[in-house]
Amino acid sequence: MSTVITAPRKAPQSPLEASSRRSRWVVVLLLALALLWTLVPLLWMLLSSFKNRADVTAATPQLLFAPTLDNYRNLFSGPNNLGPYIWHSVLAAGISALLAVCLGALAGYGLARTQMRGKRHLAFWIISTRMAPIAAVVVPLFLIFRGLGLIDSIPGLVLAYLTFNLPFAIWLMSAFFAEVPASLEESALVAGCTRWQAFWTVVLPLTKSGLVTTFILCLVFAWNDYAFAVVFSGPNSQTLPIAASQLVTQTGVDWGQLTAIGTIVVVPMMLAGLAVRRWLVTGLTLGAVTGE
Amino acid sequence: MDRPSRRDVLRGALAAGAALTLGGCGSRGDAPRTAGGDQWRQYQGTTLNFISENTAPTAAIAADIRPFTDLTGIDVRIVTLELTALVQRVALDLASGRAQYQVIYADPYQVLAPYQRGLVDLRTLQADANLPDLPGGVADFIPAQLDAAGRFVDRGAVYALPYDAPTMIWQYRRDLFDKYRGRMAADLGFDPTPGGDRTWEEYFRMAEWFNKNATSDVRYGTGHQARQHDSLMNDFSNVLWSYGGTYFDDGKEVGRLGSRDPGPCRLDSDAAIAGAEFYQRLLGIADPASKTWDWDGVGAAFRAGRLAMCPNWHEFAASNEQVLPGKVGYAALPKGPAGTANMYGGTGVAISANTLPNERGAAWLFLVWSTSPQTQLANLKSKAGGGTPTRTSVYELPEVRAAEQRPSQMPNMLTAAAVRQAWQADRIGLRPKIPMWNECNTAIFTQLSRMLTGGASPEEAMRSIKSRVDQIVARGWVA
């Protein structure tokens, strides 16, 4: 007599499980779409930067083509050498982000710890300056900078970037400091620390992820800025986004070089983001203390 | 020593801030000047800043600025920006009372008309015996261009010297016209050779013929720069004018010398509406991608072999010749019931009125040099771009004449016969030179775009533009 082995019958799916599986698929689908939305333009830009002019402007997009480094080579040779633009961007964005973090940490700490009337209004006023449209502030700032001789200088750009980075840094850092229990500082004070020592040795290390997050975000904002750079920079201080705009000319757009510059602009910020992604995620979710 | 109090620190910071402010606000020194001797070297050691759109002549000058520096000892730093950004930067620079940019690429419609009071009347420099004169004098510039790019309202004053001269002409695949001429003539009943004697109605029929009969060679007969952008106004205006439409009364004068108060907009006239109706019909058979193209898009599509013909700026010839050598022909645009018009998009170079006296002199040297016949000839030959000359004498040079025929070392010169026709006083297309043009232009291309996408009939679009333009003009201009 033969024995018939049958597979164990699956327990029927409860409606709750089926619904949960469906939701998971929807989430996966949405994430895939978001990924496509984000990555396709970047990939297109990267591919185009390795194409020659004919391939870039071909009526149908070419996925298979003979790659060339000409676009990158052309960026670093000839009268519009990209070197100075990169250097200006590094200096202006780097110094501005660093200053924003330093000053933002001090001001944010003050905001988080001070007990005073109207503190919430003050905090809102600080961040509201970040919300002002650039057009509203650019003329008075231009006139002030002109008076101070700061137009077309790296210090001028640093200050310009600070106008939008500092409020953001103060706001973000104050949220991180608010997460640190005041009892820790009180213990440090009882142990003989001065206020500054308690801040420097106890509180600041606990907000490391906040500092990194703030620095990276400020760096990205300043690095990508075009609107302020157009107004405040000049022959001695033009940055990468300005170099990119110069390729849009009256008689055409140099798509090959434009996408090469785009790649040069995007890649360092992506690498910086990846290098500190652990802190960035912790920081952006404001889990500064518990997440560490 | 006592530690400084918080009050002391604050006081010190305030004092430092005040010192910095006062130092910064101090008077700025003029450029040095060497008295006597060589006119061209009197400002040696000066640095000039030139702000320009990234145009062909500026690219050529940037690549070959050395002769000027050797001649004058003046260092020129060139900043190129996209036009909108340039206008914003120039407006701020003029308003600040101190010139960071001594030399300005003065677009007639976005810089010269609105900010003419911030520019130097160049006659004062031309009359200065200590400064070199313009070789060939002002009269050597093509007259219509000198008025359009250099003057504003006042017939005498010159605020800018014509520097570049892009003009819209008819660009077509000569090889395809050669191939199909006989069949086209038989089918259409007229000689299809492109030229200023053709009508827009014939252009339409030729485009339609290519759509039906030459699909193995090109996908569409015609393509246009009909994106919601300045390009759409340019493309449409050629048709509008040839149908007898006009933006304002006395449109030719408003285009040539400009006006601060042009009166009511006339786009609601029967002629303007007829022009808009034809334009809508033409775009109906054009490459559908036209509605996404500016001049660069249509130029790229033409070079990619997608189109048999298109209206576009003549300075695209150099790129055409690189990709389709010998296969492209150039002609003046077709005519309509009221004549013909070829949109002119030239620009001048000007000097900021905020310059100090010696800076102004040094800037004049640059203007004289950069618009001189020998520099324009060098630009024509430049590998960095070039543009086309704005001086009559350059077009008469034997080597430039020779370059009008293939094989040409100056491919933009292959358009010379077409642009010579296009620049005639009765054919040149000059958009209104009014201070508030930028805003009017936005209203125009926005409504035209609505018309092309089916959101408004030609009549509704024209009436809507008229109404908006009248509102904008009624506000006036105070700068």
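So the protein sequences, as listed, match chains A and F. Residue 238 in the UniProt record's numbering is what sits at position 238 of the first sequence, and the numbering runs on without skipping anything. Residue 471 in the UniProt record's numbering is what sits at position 471 of the second sequence, and the numbering runs on without skipping anything. Virtual Cβ for every residue (Gly too), placed ideally from N, Cα, C.
Within 8 angstroms of any Cβ in chain F, is that where the Cβ of residue i sits?
i: Gln197/A; result: no
i: Ile134/A; result: no
i: Leu141/A; result: no
i: Val190/A; result: no
i: Val230/A; result: yes
i: Ile261/A; result: no
i: Ala169/A; result: no
i: Gln250/A; result: yes
i: Val253/A; result: yes
i: Pro235/A; result: yes
i: Gln115/A; result: no
i: Ala112/A; result: no
i: Ala58/A; result: yes
Based on the DSSP secondary-structure assignment, which residues constitute the bridge partners of residue i?
i: Asp154/F; result: Phe152/F
i: Val139/A; result: BP columns for Val139/A are empty, so no partner.
i: Gln171/F; result: Cys310/F, Tyr330/F
i: Asn71/A; result: Asn71/A is not bridged to any residue.
i: Pro162/F; result: Gly348/F
i: Ile428/F; result: Asn342/F
i: Gly336/F; result: Gly339/F
i: Gly252/A; result: Thr249/A
i: Arg24/A; result: Answer by DSSP bridge pairing: none, since Arg24/A is not bridged.
i: Arg391/F; result: Phe141/F
i: Leu119/F; result: Ser352/F
Chain A beta carbons: is any one of them nearer than 8 angstroms to that of residue i?
i: residue 484/F; result: Because chain F spans 1 through 479 in this model, residue 484/F falls outside it and cannot be assessed.
i: Gln225/F; result: no
i: Leu324/F; result: no
i: Gln405/F; result: no
i: Leu20/F; result: The pLDDT assigned to Leu20/F is 48, lower than 50, so where the model puts this residue is not dependable; a value taken from the coordinates is nonetheless given after this. By this cut-off, Leu20/F is an interface position.
i: Glu459/F; result: no
i: Asp296/F; result: yes
i: Leu81/F; result: yes
i: Asn379/F; result: no
i: Thr453/F; result: no
i: Ala127/F; result: no
Within 10 angstroms of its Cβ, does residue i collect 16 or more other Cβ (buried), or is it exposed?
i: Cys25/F; result: Because Cys25/F carries a pLDDT of 46, less than 50, the predicted location of this residue cannot be relied on, and no value is offered for it.
i: Cys310/F; result: buried
i: Met233/F; result: buried
i: Pro241/A; result: buried
i: Met131/A; result: exposed
i: Trp44/A; result: exposed
i: Glu399/F; result: exposed
i: Gly37/F; result: exposed
i: Lys51/A; result: buried
i: Ala318/F; result: buried
i: Lys212/F; result: exposed
i: Gly23/F; result: Any answer about Gly23/F is weak, because its pLDDT of 46 lies below 50 and its placement is not dependable; what the coordinates show is given next. Exposed, by the Cβ-count rule.
i: Trp293/F; result: buried
i: Pro41/A; result: exposed
i: Thr21/F; result: In this prediction, Thr21/F has a pLDDT of 48, which is less than 50 and means its spatial position is unreliable; nothing more can be read from the coordinates.
Ends of the beta strand (DSSP E) at residue i?
i: Arg420/F; result: No beta strand (DSSP E) contains Arg420/F, which is instead part of the alpha helix (DSSP H) from 416 to 422.
i: Cys310/F; result: 307 to 313
i: Glu53/F; result: 47 to 53
i: Gly221/F; result: 220 to 222
i: Ala106/F; result: 103 to 106
i: Leu81/F; result: 75 to 81
Where does the unbroken alpha helix (DSSP H) through residue i begin, and where does it stop?
i: Ala160/A; result: 154 to 179
i: Val56/A; result: 53 to 56
i: Tyr243/F; result: No alpha helix (DSSP H) holds Tyr243/F; DSSP gives it neither H nor E.
i: Asp197/F; result: Looking at the DSSP string, Asp197/F is not in any alpha helix (DSSP H), and its letter there is neither H nor E.
i: Tyr279/F; result: 270 to 285
i: Val111/F; result: Neither: Val111/F is in no alpha helix (DSSP H) and is coded neither H nor E.
i: Phe141/F; result: From DSSP, Phe141/F is part of no alpha helix (DSSP H); its letter is neither H nor E.
i: Ala188/A; result: 182 to 190
Mind listing the chain C neighbours of residue i? Cutoff is C-beta to C-beta under 7 angstroms, in chain order.
i: Arg146/A; result: In summary, chain C is missing from the structure at hand, where the protein chains are A and F.
Counting pairs of Cβ atoms below 8 angstroms between the region 244 to 260 of chain F and the region 307 to 323 of chain F, do you hit three or more?
The region 244 to 260 of chain F is not in contact with the region 307 to 323 of chain F.
| message | Could you check whether the region 173 to 192 of chain F touches the region 374 to 391 of chain F, counting it as contact only if at least three pairs of C-beta atoms, one from each stretch, sit closer than 8 angstroms? | response | Remark: fewer than three beta-carbon pairs, one from each stretch, lie closer than 8 angstroms, so the region 173 to 192 of chain F and the region 374 to 391 of chain F are not flagged as touching.
Practice problem: Tell me, please, whether the region 122 to 134 of chain A touches the region 242 to 253 of chain A by the rule of three or more beta-carbon pairs shorter than 8 angstroms. | Solution: The region 122 to 134 of chain A, when compared against the region 242 to 253 of chain A, does not touch it at the 8 angstroms Cβ threshold.
### Query
Touching or not, the region 396 to 412 of chain F and the region 150 to 164 of chain F, by the rule of three or more beta carbon pairs under 8 angstroms?
In short, these stretches do not touch, since the Cβ pair count stays below three.
At a cut of 8 angstroms, does the region 261 to 274 of chain A reach the region 187 to 195 of chain F through at least three beta carbon pairs? The way I'd put it, the region 261 to 274 of chain A doesn't touch the region 187 to 195 of chain F; fewer than three beta-carbon pairs between them come closer than 8 angstroms.
Does the structure place the region 102 to 112 of chain A close enough to the region 173 to 184 of chain A that three or more beta carbon pairs sit under 8 angstroms? Short answer: they touch.
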